[in-house]
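Each remark here refers to the structure printed beneath this line.
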Amino acid sequence: NSDPAPFNEYEFPLDSTWEIPRHQLVLGDTLGEGAFGRVVMAEALGIEGHGKSTIVAVKMVKEGHTDADMACLVREMEVMKMIGKHKNIINLLGCCSQDGPLYVIVEYAPYGNLKDFLKANKMCQLPDDLRCGDEKDQKVLTQKDLISFAYQVARGMEYLASRRCIHRDLAARNVLVSDDYVMKIADFGLARDIQDTDYYRKNTNGRLPIKWMAPESLQDKFYDTKSDVWSFGVLLWEIMTFGDQPYPKVTAEELYGYLLEGNRMEKPYRCSLNIYLLMRQCWNFDADARPRFSEIVENLDKILTSTA
Ligand code: ACK
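Position one of the sequence shown corresponds to residue 501 (mature numbering (1 follows the signal peptide of the UniProt record, and there is no 0)), numbered consecutively onward.
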């Protein structure tokens, strides 16, 4: 059924572990909107301790959504409840499910998505005297910072994999940057109906998600932790290029053949050989030959300690 559902017609069982009284939430600016959903910044009172106020992000459906859209949001919330907390994922903080629209309350990440964050900081790599006004306020990211970002994402993925969660759309646009530059994986609870999704269509940002997909996902729509590892390799490449577009000259239709022939992206400028080798391992055509997230974490930890 894809008829628009009237607002507020749903009833949910009360889950007192997560329910937060509506009056403790003050909604603010919209952070972003999708086709059926919206993410709004909000102030939550007393969810971290009595009398304390916390900035949070609230997910909701928009007017004109279908029952299926609402089911997706509910499912996302239930997945988050089951997965549990980790420093490197966007954690569920609570929900408002009674007497009004469903609000799913999650951690707010003040620096936005990792892709845009990296792009904004790319210019800052210039020597000080070549940088102009605005750029001077931004953080100068060192190689060690970049490797630490990758390490944190790998930690988050190691946790999700241990909870049997397959992300299916791991990319820098789906990693959010929190206080103290803590990386947090977002949208891991989204139900992705792979059969229904037209991956050849550009997403709202005009990007082709297929460039992050493992060959077996492109060919057979098959996804597992190993296909997430492939995507992690592309994410690692995005980090080391400060948010460049992967395979800019390869079209969606060409990509599978291109990879099958053994072609891979080149080593980014200034990227160390050990990091590039890690990317290449993630891009092994044979999924079983790719490293596990736990091995990636170990490897990045070693590289991090040996990087000045
Ligand atoms: O990529 P963005 O700038 O960051 O645009 C999207 C938009 O809302 C729709 O998903 C932003 N967003 C989503 N969740 C959060 C969050 N927890 N903290 C901050 N921004 C968020 C996201």
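In this text, a Cβ means the ideal position worked out from N, Cα and C, and glycines have one as well.
- Judged by the Cβ position, asparagine 613 qualifies as a neighbour of the ligand ACK at the 7 angstroms threshold, a heavy atom of the ligand being closer than this.
- Boundaries around lysine 684 are those of the beta strand (DSSP E), 682-685, since no alpha helix (DSSP H) includes it.
- Taking aspartate 801 as the centre and dropping the five residues before and after it, the same chain places the C-beta of Tyr651 closer than 7 angstroms to its C-beta, in chain order.
- DSSP lists Leu525 and Thr554 as the bridge partner or partners of alanine 544.
- Ranked by Cα distance from glycine 743, the first of Ser717, Phe649, Arg655 and Arg663 is Phe649.
- Judged by pairs of C-beta atoms under 8 angstroms, the segment 605-613 touches the segment 582-594, as three or more such pairs exist.
- Bounds of the beta strand (DSSP E) holding serine 678 are 675-678.
- Listed as beta-bridge partners of asparagine 613 by DSSP are Leu676.
- With contact defined as three or more Cβ pairs closer than 8 angstroms, the segment 755-773 and the segment 791-801 are not in contact.
- Contact between alanine 544 and valine 556 holds, since their C-beta atoms are separated by about 5 angstroms, short of 8 angstroms.
- Note that the C-beta distance between glutamate 738 and alanine 672 is below 8 angstroms.
- Apart from the 5 residues on each side of it in sequence, leucine 736 sits with its Cβ closer than 6 angstroms to the Cβ of Ala650 and Met779 in its chain, given in chain order.
- In this structure, valine 561 lies near methionine 570, with their beta-carbon atoms less than 8 angstroms apart.
- Listed in chain order, the alpha helix (DSSP H) runs fully inside the segment 561-604 are 567-583, counting runs of at least 4 residues.
- CA-to-CA, the gap between glycine 546 and proline 521 works out to about 10 angstroms.
- Here threonine 805 carries a helix assignment [DSSP, helix/strand/coil].
- Its chain contains Leu592 and Gly689 as the residues whose beta carbon lies nearer than 7 angstroms to that of methionine 580, once the 5 sequence neighbours on both sides are disregarded; these appear in chain order.
- Taking serine 678 as reference, the option from Gly600, Asp687, Leu614 and Asn784 with the minimal CA-CA separation is Leu614.
- Considered as a whole, the segment 736-807 harbours 752-760, 773-782 and 793-806 as its complete alpha helix (DSSP H) runs of no fewer than 4 residues, in chain order.
- In this structure, the C-beta of glutamate 607 approaches the ligand ACK to less than 7 angstroms from one of its heavy atoms.
- Here the distance from the Cβ of aspartate 569 to the nearest heavy atom of the ligand ACK is not below 7 angstroms.
- Contact check for proline 715 against leucine 777 fails: the beta carbons are separated by 8 angstroms or more.
- Looking at the DSSP output, lysine 559 bridges to Val539 and Val604.
- The beta carbons of isoleucine 583 and leucine 660 sit about 7 angstroms from each other, so the pair counts as a contact at 8 angstroms.
- Separation of alanine 686 and proline 709 (C-alpha to C-alpha, rounded to the nearest whole angstrom) is 15 angstroms.
- Listed in chain order, the non-local C-beta contacts of glutamate 576 below 6 angstroms within the same chain comprise Gly689 and Leu690, local neighbours out to five positions each way being set aside.
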